[in-house]
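These notes are about the structure you will find just below.
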Amino acid sequence: MRAILATEPGGPEVLTVSDRPDPTPAPGEMVVTIAAAGLNRADLLQRQGFYPPPPGASDVIGMECSGTVAALGEGVSGWSVGDEVCALLAGGGYAEQVAVPAGQVMRLPAGVPLIEAAALPEVACTVWSNLVMTARIQPGETLLVHGGAGGIGSFALQLAQALGVTVLTSAGTEDKRAFCRSLGADVAIDYHHEDFVQVAKEHGGADVILDNMGAKYLARNVDALADGGRLVVIGLQGGAKAELDINALMRKRASVAGTTLRSRPSDGPRGKAAICAEVVEHVWPLVEDGTIRPIIDATFPLEQAAAAHERMTSGEHTGKLLLTV
């Protein structure tokens with residue numbers, strides 16, 4: 069099969085098309101013939117040498133895909149060769165085929181085309197697991213999402229609106245802020261000229277903050293929390309180390325959680341299979357009735373993975389970028 073590999077750590081130019089052996093399913097796995105793969109910020113880090121795949125995972129970049137079932141491993145039931153699916157991966161998405169644990173494979177939401185479905189697994193599982201399973205967000209609460217126009221942000225805005233949550237978000241241009249408002253943001257903050265802490269306080273503080281910046285925003289995020297607020301850090305675009313005022317956290321009876329999705333085991337009560345099952349049960353109906361829709365900025369052929377990485381690096385995209393096979 070063809071696969072995209074980073075020949076060495078570096079810029080998009082290191083991504084090259086290579087030949088790899090076709091995967092075979094281990095017990096409990098399925099092989100999926102890939103129709104499309106979604107891009108994620110973690111893909112850029114892996115290409116640069118900063119985010120290696122978990123032990124045992126493919127070194128081919130790519131954490132989500134859509135496609136058709138090609139083979140079933142021992143012990144896998146309830147699926148047939150030819151079924152259209154999407155899947156949450158630990159790696160291997162930028163390729164023609166991938167082997168994946170069966171619990172991380174999901175049927176397509178009704179009405180979603182096969183290619184578009186590649187935009188869903190990573191964002192749906194990330195947002196649901198963090199807002200609902202970790203932060204326990206409730207109707208009537210206030211959510212602050214940093215970077216609302218990106219893949220994670222655009223999905224979080226739609227899900228939060230569906231859950232009856234007041235949504236604050238940040239974006240750098242008026243076009244992106246308008247885009248965020250169209251997806252359900254009640255307030256879109258110009259992070260170049262407005263202080264998100266002040267805006268959050270004007271709304272009584274944020275009960276939950278979904279943060280992709282890490283160190284750079286840590287102190288300000290704590291300041292922006294309401295009493296009993298929950299800060300969930302899912303990215304490190306602003307660095308990995310910062311000083312935390314524990315007294316400020318204690319006075320608010322607040323909490324800080326840091327989570328990753330890729331490195332979780334497949335099995336277990338908080339594993340990827342459990343997250344996928346909750347997404348199918350609770351999120352797919354919202355996709356099927358149009359409450360949430362996959363937001364796709366652009367698609368690129370697999371061979372143009374470098375161009376897709378350049379688009380993501382530019383920060384000009386809104387929603388998801390896809391590679392088609």
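Counting in the working numbering, the sequence shown runs from 69 upward without gaps. Every residue gets a Cβ at the ideal spot worked out from N, C-alpha and C, and that includes glycine.
- Taken in chain order, the whole alpha helix (DSSP H) runs of length 4 or more contained in the stretch 88-154 are 109-115.
- Within its own chain, the residues whose Cβ lies closer than 6 Å to the Cβ of threonine 234, once the five positions on either side in sequence are excluded, are Thr210 and Asp254, listed in chain order.
- Restricted to the stretch 271-307, the beta strand (DSSP E) segments that are unbroken, complete and at least 3 residues in length are 274-279 and 293-301, listed in chain order.
- Ranked by how close their Cα comes to the Cα of alanine 341, the residues Phe118, Cys193, Glu270 and Ala167 have Cys193 in first place.
- Taking C-beta separations shorter than 7 Å and ignoring five residues to either side along the sequence, the partners of valine 82 in its chain run Ala74, Thr75, Glu76 and Arg115, following chain order.
- A direct Cα-Cα distance of roughly 7 Å separates leucine 112 from histidine 377.
- Check the Cα spacing between threonine 237 and each of Leu251, Ala230, Phe247 and Ile257: the tightest is with Ile257.
- The residue among Asp275, Arg109 and Arg175 with its C-alpha nearest the C-alpha of glycine 383 is Arg109.
- Of all alpha-carbon atoms in Gly387, Thr392, Val393 and Leu391, the one lying nearest the alpha-carbon of serine 222 is that of Gly387.
- The stretch 174-189 makes contact with the stretch 100-108; the number of CB pairs closer than 8 Å reaches 3 or more.
- As for any alpha helix (DSSP H) of minimum length 4 sitting wholly inside the stretch 173-246, the runs are 182-185, 189-195 and 219-230, ordered along the chain.
- Inclusion of alanine 294 and aspartate 275 in the CB contact set at 8 Å is warranted, their separation being smaller than that value.
- The shortest C-alpha to C-alpha distance from glutamate 190 to any of Ser134, His214, Gln206 and Leu317 is the one to Ser134.
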